[in-house]
Every structure is written in C-alpha cells, then in structure tokens.
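Down below is the structure, laid out as structure tokens.
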Amino acid sequence: MANSQELEKRLLAEIMKIQIVDVHSHVSAREPFARSLRELLGYHYFTELAHSAGMDKELLDPDTPDKVMMPALVEALSTIDNTVQYGWMMELARELFEFPHDRLTLQNWEELADSVRRKAKVRGREREIMRASSIEKVFLTNEFDEDLKDIDREIFVPSLRGDRLVFHLADGKVLKSLQKVTGTDIGKAKNLRAALERLLERFKSNGAASLAMSLPPRFKVFPVVEGDLDNALGKAARGKPLSAAEGQTLRCGALFTLAELCRQFDLPVQMMCGVIRGAYRHGIYQGCDLLQAGDSLRSLMPLLNAFPEVTFCLSVLSESQAQELASYGWLVRNVVVSGHWWYDTMPAYVERDLVARLQSVPKTKLIGYYSDAYKLEFALAKFNIYRRILARVLARDYVRAGRGSEDEAVELARLLLRENPRRIFRV
Amino acid sequence: MANSQELEKRLLAEIMKIQIVDVHSHVSAREPFARSLRELLGYHYFTELAHSAGMDKELLDPDTPDKVMMPALVEALSTIDNTVQYGWMMELARELFEFPHDRLTLQNWEELADSVRRKAKVRGREREIMRASSIEKVFLTNEFDEDLKDIDREIFVPSLRGDRLVFHLADGKVLKSLQKVTGTDIGKAKNLRAALERLLERFKSNGAASLAMSLPPRFKVFPVVEGDLDNALGKAARGKPLSAAEGQTLRCGALFTLAELCRQFDLPVQMMCGVIRGAYRHGIYQGCDLLQAGDSLRSLMPLLNAFPEVTFCLSVLSESQAQELASYGWLVRNVVVSGHWWYDTMPAYVERDLVARLQSVPKTKLIGYYSDAYKLEFALAKFNIYRRILARVLARDYVRAGRGSEDEAVELARLLLRENPRRIFRV
Amino acid sequence: MANSQELEKRLLAEIMKIQIVDVHSHVSAREPFARSLRELLGYHYFTELAHSAGMDKELLDPDTPDKVMMPALVEALSTIDNTVQYGWMMELARELFEFPHDRLTLQNWEELADSVRRKAKVRGREREIMRASSIEKVFLTNEFDEDLKDIDREIFVPSLRGDRLVFHLADGKVLKSLQKVTGTDIGKAKNLRAALERLLERFKSNGAASLAMSLPPRFKVFPVVEGDLDNALGKAARGKPLSAAEGQTLRCGALFTLAELCRQFDLPVQMMCGVIRGAYRHGIYQGCDLLQAGDSLRSLMPLLNAFPEVTFCLSVLSESQAQELASYGWLVRNVVVSGHWWYDTMPAYVERDLVARLQSVPKTKLIGYYSDAYKLEFALAKFNIYRRILARVLARDYVRAGRGSEDEAVELARLLLRENPRRIFRV
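Residue numbers (the numbering used here), protein chains in the order written: chain A, 833 to 1259; chain B, 833 to 1259; chain C, 833 to 1259.
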C-alpha cells in the first residue's frame, strides 16, 4: 500500500511535467485571465450554486456593484464549501495568488481580491499562468462573426463555434450576420454552402483547428434533400416562422453542410452532447442548463456514418452514457473520446469513466481532458484535479493491475494530455 | 492506511451520536414496532426475495399460520444470506434483540421470535428503539382519510401521502372518501381545490411537515385548463370511465392543485420518482414493483418551474439517474436531493451517489438518508449501514482528499442527518 | 491491508479450483481451439479495435494472406496495448503457449505463431486447455439447421440459437431451411409451432440445455393473435414483403411460440439484451454492433409475465441497466441474472455490477460469468479476469464487510461459477 502511494506520487510528478494542449475552453484571447476577484467568482459554477443554495438573484445581477455583491457571494459560498467547485477556487487562489487560507471568508476575501488585481498587472500574465499550469496551448471557442486577427497564436488555437450556425440559423440576426461576414446572400442551400465555405476558409487560414458545438439530448440527425433545405432557408431568409419539420430540416441541413466542409478542410469536429438549454426557468445567467439521464448517442449515428473521413471528438454530459461513449471510441473509427464535460467533470464521474476508457478504447483515441474554462486560472485548477485522478488510476488500474510498466503509464498520460490532441488537431 | 481506518472509525463514532430526523417512513404511529418475528420477516424485502428465490407463494399468504410460514420462510432465507437485506435482519436482531447468532436457522429462529415477543411488552419500547438508533424523530406517511389525533408528536411527524389523491382520484371510493373527510362535494376544479385546502389545513394543524408521493417513470406533468379539469372531475364524479387524456388531466390537475396548496401552506413536497407499480404480475403483496433504467426527471421540470417557492425533495429509484438528480440539486433552487430510495438503497449505489453529491451539491440541500421503514427496527439497521458509508466517504473523499477538516466532516454529517431535515421541514 | 491482500489471495486460490460450467460461448465443437495465431488475433475484439485505431480495412479482409495481414495487425495492436482485450491475448499467450513476453511485437509474434501451430497438434488439446482453465463444460451456440450428432457431449453442451428464428423468419432462406430440417410446410401459426416443436425435440434429445438469443434495445414483445400470425407467416412464405406491424407480429409470434415450447420442454432461455446490429456502417466483420445507453428491460416484461414457469437468464449490454437487471433478479422469480456481456465485460463494469448483485440478488439466482468465446483459449483469459475480480469483491465487500465467512465466500463463488449453472440448466 505504501508502495502504491509512492507509485502514484511518482506518476503524478511525471504527469505534472507534461505540457498540456487544452482542446476546449471559452477563454477570450483579449481577456484571458481575471482582472478582479469578481471575474473569478462570477464563473457560473459559483453563481449558480450560490443561487441554488439560496442567494438572492438580484444580488447576482451584473449591475449589482462589487461592494454589495462580493460579500454576499462570499457568504453564500459557505454553503458550498463541500463541493469540488469550491475546491477549484481554493486551489487556484493558493497556486496562482499565494492565498494562504483554506476557506474564503468575509474576513479574508479582500486579501484575495487585492492579489488578483495586483497580479493582473503583471506583463505576460497569461504565459505565467500557463507555465504554472504546465499548459502549452489553449483552444478558444470563436463565434463565426468574431474577428480572429489579433489572437496570439503561439498560445491560443481558434475553434469555430457551430451552435448558432446550426441551432439559430432561422434567427434573422444570425442569418444577417452570416451574410455580412461572408458577403453572401443566403436563400438557398447552395448559397449557404458557399457562405459556410468562405467562413471555414477564413477560420482555417487563421489557424482554426476544429469546429466545436454542443447538442441537445437525443438530437436526431438525418441527411436533407436540397429542395427541402432551399424551402426552409427561403422562409428563414424572408423572416417567416418555420414549422417543426422545417426547423429540423434547417438544423440538419446546416449540420451536414458543415460536416461536408470539415471533410473538405480537414477539420475535426468537437461535439458536446446532451445539454438542455434553458431547462430551469429561474436560473441565473449561464445557470439554466441541465443534462438528461437516459440520453443516447444513437441518434447521431447517421452523421458519424455519413462522414467516415471526419474525426468526431465526442463528449457527453450524462454519466449514464459513459459506457456508450467509450464503446463508440472502441468501435467507430472516426470517433475520439474526449474529456469530461461540465456536470460530468466531478471527480466521481471522471474517475469511473477514465478507468473504463483506459480498459477499452485504443490509447490513440483518447483526449484526456479539456478545461472548458472562461478564464485561464480555472484550467489550472481543473487540470490539477484531473492529473491527480489520472495518476491514481494509472497506478492502481494500469501499473499495479499488470497492464503496463511505470514508464508506459507516463507515456499513456502524455498521449492523453498532449500527443493525441496535437496529432488529432494538427497543432 | 492505518490512519485512514482510524479516521473513519473516529468519524463514525461522532456520526453515531448525531440525533437523526428520519424524514420518510411507513411506520404506523399505533404499531411502530414489531410484536412478533413475523412482523419483521413479513417486510416485503424478505418475502419478495424468498418468493423470488423459489418459496411457494401460498406459504407467504397472510392467512398461512405462523407454524407453517415461519420455518419455511427461515429456510428460504438461506438462499439470500448473501444480501444486504438479510444483513439488516441480522443487525437489528443483534442490536435490538440480543440475538447472538450470525445466521437465522431452523435451530435458532424461535429464540429470536421469543425475544421479539418479550421486548414488545416493554413499556416505551418505541423510544427505547429510537434511543438505541440515535433517531430523534420519524416521519409517518398518512393517508388523507386517516385520523391524525392520537399520534405521539414528540417522536412522530405526520406527512400527507399524495399517491391516491393524484393517481386514484378517478376511483369512486377515493373520491367519496375525499368528499366525506372534507365535507365537500367534488365535481368541479374549484370544489377539488376547496376540498384539498381543507385537507391540508387539517394536516397542517396536526403537525404534518410534508406532502409525500411516489411517481411512475417519465410521468409527464403539465398545467391544466380549468374547464378540462372540470370535465374530467365531472366524469369521475358520475362514475364514467375517463379517456387516457382525461385521466392525465385529472392527475396533473390534482398534482398542480396540491402544489399550489403546498405553496400556500408552506409545505415541502417529497417526491419519490420512478416506480412502476404492478410491473411484475406474479409477485407477492408489495413485491410487484420495479424501477426502469433510462428514466429521467426531465418530464417533472414544468412542475419545478411552476412552483419556485415550493421545496421539492426528490429521490430517484434508478441509479442511472443518480447524476441527473445531483445536477438538479446543484442547479435548481427549489430542489433538495433526498436519500437513497428502495432499489437504490443498496450500499453499492448509496456510496457512489453520496460521493458525487458531496462533490457537487450545496451541503444545505442534501438530506442524507431516510429509512422508508415499516417498523422502527429497520430504521436502525438501514441507518447504521448509511452511517458507515458516510463515515467511509467523508474520511476518504472529503478529509483525506483535502476538501475539509475532520470537524467539518462531522458538521457535514450533522447537516445531512439532522440539521437539513429540521430546517427544510421546520421540525 | 496486508491481511486484506492475503485474504484476497487465499480466496482466489480456492476459486481457481472450482470447475466452471461456462453457459455461453460461440466455440465450434469441431474446431474449438486455434490452429494458428491468426485464428486468435482474428477475434473481432482485436480486429475491430485495430480498425478503429486506424488499420486499413482491406488489410483485415479474410482474403488478405497471413504474411500481409499478420505484421500489420501486430503493429496496429501497439495502439491498443492499454486495453483489457490486449491483456486477454497476453494472458492466454503466457498461460497456454508459454509465451514469455509482455507485449506482442514485430520481433516476437512469430514465436507465438509457432507455438500456436505446435500446440494445435497435441491430441486432446481442447481438454488440455479446459483443464488449464478449470473449466469443466462449455455451452455451444448452435444454429437450428446445424447437425448436432458429432458433438463431444462430455465437455460441450448444445444450445439452440434463436436469433434467426425470431428476427429473420421473414427471410426466405431461413424459412426454407426451417421447413427442410423439420420436414414441415410453414404457412400458418400451427405449422410454425409444429416445426419448432420438432426442432426443440431434436435439440433436447441431443442434450441441448437452453435456447439462447440476442435482442435489440427496447424490443417490444406482445402476445399475438393467431390470425395475425397466420397472415404474416403466409406473406413471408409467399415471399411478399411484410409491413412493419406484420414484421413485429412475426417476431413476437415466433418468440412466444418458442417460449411456450421452452415451457413444454423445460428449457431455460438465455437472453442477451440490447445490441443494435449493424449500427456502425463502416466496421469490419462482426465489428458493427453497438449498445444503446438508456435501454430498459421494461418492454420484455409481458414475456416474463406470460411464462412464469420458464427461467429467463438475462444479460444486458449497457451498464446503465446494471441496476435494473439486478432488480429483476431480486424480484422476478423466473429471472436469473447472468454474466457480463460483451461491452459490459470490461473489469470496470464487471466489478461494479458484481458488488451490487451480491448485495441484492438471491445467491441461487446468479450466474457469475460466461466466456462468449469463439475459441476456448479466450475462456481462460476472460474467466481469469473474472475470478480475480470475484476474489477481490468477496474479500472486500463480503468477508471484510462482515456479511459472511471466508468459507461462505468460497461457497458463494462455487454457486456463481458451477452449481447455479448446473442446477439451472440441469447439466
């Protein structure tokens, strides 16, 4: 047992040296780190938990001034100090802001706030954080109408976010914006294709490495007849309301067109499956979305089958699909099993999923983890937890289970954290 | 590791001192403990397992005399001595009846039967059992037409059972009984509301602390138009058969009316989700109900959204929903995550669920466990198992994982077992 | 802890002595073991993983000569050396072919190939393998039109495979073959019954011990009206295409008829639930089938209810049903919980499922494991992994958890591996 703990420690030390490629985040290239404590505690993981535990919604309003919101939020956090999310905050406070306390309290939060403000002024702070986190590159999630020019591509990798293009194309503003950025009139399937082609050209030439999108549970995909897509697009372009069937045609038409273009431009797709947007009506900003137990990847199969040349990096939101996802990675050649998303990022689920993935999926088809962070600081905290789990699982279920040597375990970790992302996304 | 076991032991010792509030049981206030061994072994957990393992159904019939049934049942139990349910029996026999054996056999069962009979004559036996169990209060589940007068409210807390009101209102007997106990003629939505209001008034004034009900899998809830409810109620009142849609209208109408009244009377709702009543046709009494994998809480969301002021304490029957339930507790302000129900009460599931809940749900929104017991003796056995799991999880996944101190772990346990139930149900 | 490891070791030593009855395999009575390394590496678990990890499909084609395929396959396996499947190969190579290496490489694979060829010439090699595996009897899976005469029934037990009879009866070739082997013209329900009766008579008289079949997810069963079955059968016999409803009638009619005959012939049914055949379109031979998360046994209940005298040994493909399956074994008298099938055979799932089953299902209603192997060699590797898990679970969750003694743990293992299969299938 003592040996076992020693082994885990040694593995963790080696794992901490691996320079990570973080394939999915919501970090802004312009403001990648926090300038204030509020920008850290404003992360929806904290505000939604505080609200859920009883904090007044208006206190969490963006317009509430710091001096009102911050003490109230800090106080509310005492109801969630059992959670892993709270642990993220304490870990990044300790590791990145020299915060010496175990709990954030009304007595000490201003200490941390000062430190955040001070550190924000350090030149090259983003690189400092990434160095401290052993993270080499971080993927961004860029809207299609976003400017990609000034992105520091030494450390950031753009990714095209597909959600609005697939799920909100019938929205006049989205359509107009797409027309504008691509200089294309969209009223027919072939125009849509041309517009999206231009879009992907621009993204590709700006270093974009993937198309990333989230999907609702049991989203049914099917190939669309061109005439039907013409009809749905035409109605959308004329601002007419679409029937349920036309809406589905539009979504599937856009999705299949994007998939075709991903094949053409050799761009992997990152799909995060299973989120019900807005399920909870009384939640705070970014705190209304839920998973659905019993969800299945089955309905995506027509898409995976239709584009065998496109790599689909799949994540699921619900642990009840953990095995299904692993079995897709096991069997389906163009599927990569990627990370542990959102509700699934709690250590309890990560550990179970990781054990099973390492037992059943080719090691070249696993992306260990991505941060999904809005600020770089959280990538450190989240990856640290993942690295500790990885070390424990490799020690217990791989080395001690006789499936490989200690060196092979470290190489496996390197694949999951660095080499697979680099090979799959060509970064 | 030795330290780890010591820590677990110390935590368990502290946890055993916490005076529990058991928020859900089927204990009868009049006959809260067993007067005979048959009343213990007659618990459906044993009879259904014995029947499932091959015991003849007629031997389990209520009319079968003790001298025929008991030896046969004791013998049948030898096929289930691997189970946790069997372990409950042995634990309560040892702790409450000084039974010295590890197994119940044809040679020793009469010893235990004698002890049960003898102890039943002790004055204040219910308090003795509760003291031995560190349980301070036990919730009852009371039918709407039950008399609440003579309940010993120092140790028992009434709860209104909603199942018949929601799922069997179309049944003439139920409707008549409701009319009778409320003195209200029910033929229209507003009469139903008035009747239920009177009912809740009576329950509230008799100390009732919650509305408790079980639901079938994927039960769809939706708000009902008054005219539709009038129509369905009218038909039911006239004894006419209802269409599927009318039946659903009646159920949802009754449920929403009850929820409105819970808001008015400030009464939390306990919802046990996911049981298919009567799924198995050849089962014995109380042994015909099953869970359904792949069930989801999604269909309940309209109710949770419609009554943000009402606290819903949710339990699920299926482990495949464990994460979904935790995520509701995490995000949805009026949801409390409660206990480990029925098929989900096996330690394998309890431990997994507990780890994840403690990682992701505000500590103030967790009710650790409830006994669901028919006799007080089983509350001891079931809570003992829960307390051991809780000590293990807190030691390993909380204290040793660096998420809190030993003292904080004990306070966390106190919230789950006592303080959260007291605050949420105001007892 | 040291004690714990000692206990586990002692239990494993005892478990290794138990002579196993393996209730489900696809071993051929004529060619039960491998004559070449290709026959081992050709197992779909390896070829599908190699293909999934990037190996060219044509290299895996049956027509590709050894000298082209083998080095390519061996090389591809280096991408899956993390998996348990790879571990099977290494375990059987070590235990049955004195292969001294930890990894199969381009440098050493021919060594193993030589050893396989050499051992294949040993007289009584099948008995040698079974002795080395502590396996006494292995069930076969026999097509209805297969000759059962020359089967060595000292070590093999025939089983009738029901898949084609239920799911492909509308296929002209199947119908004709059934007519031919039973000498019955099939155009009406009563002819089908007569033909199947003859079939089961023949199987029974040749020592068949079960009907075995796999089912798609959420397969809905319902009793069929004779006239409807006549109609569907008539159309099928005349080669006419069936409507969806007629197809379902035919499948349910065949299934219920088989169940009736299993009652008549006292034959248990083995049902493997939840496989989507051909879900992945680009897979290699036997590598196109997937599970579906969120599947449920609920839709089978009408069949289980209709034949209380028939024993149904159920397996599921999806871990999200693990608890559902255990609860069926717990409650439903004619259900036996059997093994860990296919995608569910990864140790991560086996261990979780086993813990819960041992906690909640009568010990007489559990079949621990079956190999599902195509060659006897894999039964050794798969059962070895199962036996190690069983020893660990019994040590930790049974003996050390205080639920039984060390001797009782060994007896429990004996039930799961030998005595329950013998009693249930009467072998």
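From the three backbone atoms N, C-alpha and C, an ideal C-beta is built for every residue, glycine too. Keep in mind the model is a prediction, meaning the values are calculated, not measured.
| Asked | Found |
| --- | --- |
| Chain A residues whose Cβ lies nearer than 7 angstroms to that of residue 916/C | 1191 and 1192 |
| C-beta contact flag for residue 1025/C and residue 1124/B at 7 angstroms | no |
| Of the residues 976/C, 966/C, 1182/C and 929/C, the one placed nearest residue 953/C, counting alpha carbons only | 929/C |
| Stretch-stretch touch, CB-based, cutoff 8 angstroms, three pairs: the region 1146-1160 of chain A with the region 1165-1183 of chain B | no |
| Residue 1240/C versus residue 1194/B: straight-line alpha-carbon distance, rounded | 42 angstroms |
| Helix, strand or coil at residue 1151/C according to DSSP, with G and I counted as helix | helix |
| Interface residues of chain C facing residue 1178/B [CB-CB closer than 7 angstroms] | 1188, 1191 and 1192 |
| Contact list for the region 1105-1131 of chain A against chain C, Cβ threshold 8 angstroms | 1125, 1126, 1127, 1128, 1129 and 1130 |
| Same chain only: Cβ atoms within 6 angstroms of residue 1013/C, ignoring 5 sequence neighbours per side | 977 |
| Neighbour flag for residue 896/A against chain B, beta carbons, 7 angstroms | no |
| Between the CA atoms of residue 879/B and residue 1138/C - distance to the nearest angstrom | 22 angstroms |
| Chain B contact for residue 884/A (CB, 7 angstroms cutoff) | yes |
| Proximity test, Cβ basis, 7 angstroms: residue 840/B and chain C | no |
| Beta carbon proximity, residue 1103/B to chain A, threshold 7 angstroms | no |
| Chain A within 7 angstroms of residue 1149/B, Cβ atoms only | no |
| Contacts around residue 925/C, its chain only, beta-carbon distance under 6 angstroms, and the 5 residues preceding and following it disregarded | 931 and 944 |
| In DSSP terms, what residue 1032/B is bridged to | Looking at the DSSP assignment, residue 1032/B forms no beta bridge with any residue, so it has no partner. |
| Contact test: residue 977/A Cβ vs the ligand ZN heavy atom, cutoff 6 angstroms | Of the ligands one can find in the structure shown there are none, so the ligand ZN has no counterpart to examine. |
| Coil, strand or helix - residue 969/C by DSSP | strand |
| Inter-residue Cα distance where the pair is residue 855/A and residue 1191/B | 25 angstroms |
| Residue 1219/B and residue 847/B closer than 7 angstroms at C-beta | yes |
| Residues within the region 1154-1180 of chain C neighbouring chain F, beta-carbon criterion of under 9 angstroms | Reference to chain F is not applicable here, since the protein chains of this structure are A, B and C. |
| First through last residue of the beta strand (DSSP E) which encompasses residue 1102/B | 1101-1105 |
| Rounded C-alpha distance that separates residue 861/C from residue 1005/C | 24 angstroms |
| Check whether residue 970/C and residue 1250/C have beta carbons under 7 angstroms apart | no |
| Chain B within 7 angstroms of residue 911/C, Cβ atoms only | no |
| Where the alpha helix (DSSP H) through residue 1133/C begins and ends | 1133-1138 |
| Close Cβ partners of residue 1044/A (< 6 angstroms) along its chain, the five nearest in sequence each way excluded | 973, 991, 993 and 1102 |
| Residues of its chain near residue 1232/C, where Cβ-Cβ distance is below 8 angstroms and the 5 sequence neighbours each way are ignored | 836 and 839 |
| Minimum length 4: unbroken alpha helix (DSSP H) runs contained in the region 1202-1259 of chain A | 1208-1225, 1238-1246 and 1252-1257 |
| Spatially closest choice to residue 1078/A from 1064/A, 1088/A, 1084/A and 1091/A, by CA coordinates | 1064/A |
| Opening and closing residue of the alpha helix (DSSP H) in which residue 947/C lies | 941-952 |
| Per-residue DSSP class, three states only, for residue 836/B | helix |
| Under 7 angstroms from the C-beta of residue 919/C: neighbouring residues of chain A | 1235 |
| Nearest-angstrom Cβ-Cβ length linking residue 1262/A and residue 1067/A, presumed shorter than 8 angstroms | Given that chain A is displayed from residue 833 to residue 1259, the structure contains no residue 1262/A and the question cannot be resolved. |
| Under 7 angstroms by beta carbon: chain C residues contacting residue 1070/A | Those within 7 angstroms of residue 1070/A in chain C number zero; the least Cβ separation is about 38 angstroms. |
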